[in-house]
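Okay, so the sequence shown: first residue is 22 according to the working numbering, each after it adds one.
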Amino acid sequence: SSGDAVKKIQKELQSIKPEHFTGTCTCQVVRCASDWSVGMRKRNMKEASVTTAYCELILNAKYFIFIENQFFISNTGGRTENKVAGSILKRIIRAQQNKENFKVVFFLNLIPDYPGEIYHKTAILVRRQFLWQVRTLSQGEKSLFGQLRKNGINPEDYICCYGLRNHAKIENTPITEIIYIHGKTMIIDDDILIIGTANICDRSMKGERDAEIEVRINKRRIICRLLLKIIRKSLQLWAGSLLWLVKLPTG
Numbered sequence: 022s023s024g025d026a027v028k029k030i031q032k033e034l035q036s037i038k039p040e041h042f043t044g045t046c047t048c049q050v051v052r053c054a055s056d057w058s059v060g061m062r063k064r065n066m067k068e069a070s071v072t073t074a075y076c077e078l079i080l081n082a083k084y085f086i087f088i089e090n091q092f093f094i095s096n097t098g099g100r101t102e103n104k105v106a107g108s109i110l111k112r113i114i115r116a117q118q119n120k121e122n123f124k125v126v127f128f129l130n131l132i133p134d135y136p137g138e139i140y141h142k143t144a145i146l147v148r149r150q151f152l153w154q155v156r157t158l159s160q161g162e163k164s165l166f167g168q169l170r171k172n173g174i175n176p177e178d179y180i181c182c183y184g185l186r187n188h189a190k191i192e193n194t195p196i197t198e199i200i201y202i203h204g205k206t207m208i209i210d211d212d213i214l215i216i217g218t219a220n221i222c223d224r225s226m227k228g229e230r231d232a233e234i235e236v237r238i239n240k241r242r243i244i245c246r247l248l249l250k251i252i253r254k255s256l257q258l259w260a261g262s263l264l265w266l267v268k269l270p271t272g
């Protein structure tokens, strides 16, 4: 039940000791906003510093990018305008040219969470969102995978994509259901976290529509420990199998 889920989260938060988070960290607040969404002082004025932060962090990543987002609809040569996917493309091409050990890990939804079954005649929005997401990531020559192959790069050497599911048994019958991802999180190397409200799509990233806010946090120890705690406890995975994702800080 939802009450049990809340109690579980509260218990996990209480188990986090204050000494895990002592010291200082650097934070920056970024946003997407316009006259339409928040009432800017000047007409037609907009700000898209969330998009700028995402792209700059991706391009400056040293060896690892972790992205968990409700959507991944971006541009590597298609009609979508935000350049998040294009920045990933540039960074992977550079990694291949420099023979760098570099990984991008996506946690994305298997199916969009809109009303209706994906094959039902009324589920147009579900299928359209799904179409643009696979076109961004893997389908067609303008997708991220397509552009990498065009540059002689095997996408699977650099990109891992995951969806999440629950598994259980009811009266000895195996059942499974999708875990819907609603987070908007990106972790760069072990050092930088950006988290907030922005989906990776033009509606959130262009600054002309929805108002969005994100916080960029620079603190290696906090980010490493928090990431491992989330993965191990919330997803019930063995953290030891994920140490290739996060290098634990020493000391």
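Just so it is clear, CB atoms sit at the ideal spot from N, CA and C, and this is done for glycine as well.
For a test of the three-state rule: what should DSSP assign to residue i, helix, strand or coil?
i    : result
Q91  : coil
S36  : coil
G272 : Low confidence applies here, because G272 scores a pLDDT of 33, under 50, leaving its location unreliable; read the following figure in that light. Three-state DSSP puts G272 in coil, outside helix and strand.
L266 : With a pLDDT of 45 at L266, under the threshold of 50, the modelled position of that residue is not reliable, and no figure is offered here.
A82  : coil
C48  : strand
K171 : helix
T194 : strand
I202 : coil
R241 : helix
Relative to the alpha-carbon of residue i, which residue among the options has its alpha-carbon at the smallest distance?
i    : options                   : result
R274 : C222, T218, D210 and V125 : Beyond the ends of the chain as shown, which are 22 and 272, falls residue 274; an answer cannot be given.
N103 : F127, T73, N90 and K120   : T73
S70  : A219, N239, R156 and I243 : A219
E239 : Q49, S36 and Q160         : For the sequence presented, residue 239 should be read as Asn rather than Glu. Selected option, being the one with the closest Cα: Q49.
Y75  : I215, K142 and N130       : I215
G5   : F127, Q117 and F128       : Here the chain covers residues 22 to 272 and nothing more, so residue 5 does not appear.
D231 : A82, K67 and T45          : K67
S55  : E233, E235 and E229       : E229
Which residues share a DSSP beta bridge with residue i?
i    : result
V147 : Answer is none; V147 lacks a bridge partner.
S55  : K67
Y179 : BP columns for Y179 are empty, so no partner.
Closer than 8 angstroms, CB to CB, is residue i near chain D or not?
i    : result
L110 : Considering every chain present, this structure includes no chain D. It has just one protein chain.
Could you round the C-beta distance between residue i and residue j to whole angstroms and report it? I think they count as a contact, below 8 angstroms.
i    : j    : result
K124 : Y179 : 6 angstroms
L152 : F93  : Contact flag wrong, Cβ pair sits at about 13 angstroms.
F166 : V126 : In fact, because the Cβ distance is near 15 angstroms, the residues do not count as touching under 8 angstroms.
R149 : I139 : Going by Cβ atoms, the distance from R149 to I139 rounds to 11 angstroms, so no, they are not a contact pair.
**Message:** Threshold first: 3 residues or longer. Then list the beta strand (DSSP E) segments lying entirely within the stretch 204-235, N to C.
**Reply:** 205-209 and 213-217
**Request:** Counting only runs of 4+ residues fully inside the stretch 104-169, write out the alpha helix (DSSP H) ranges in chain order.
**Result:** 105-118 and 145-158
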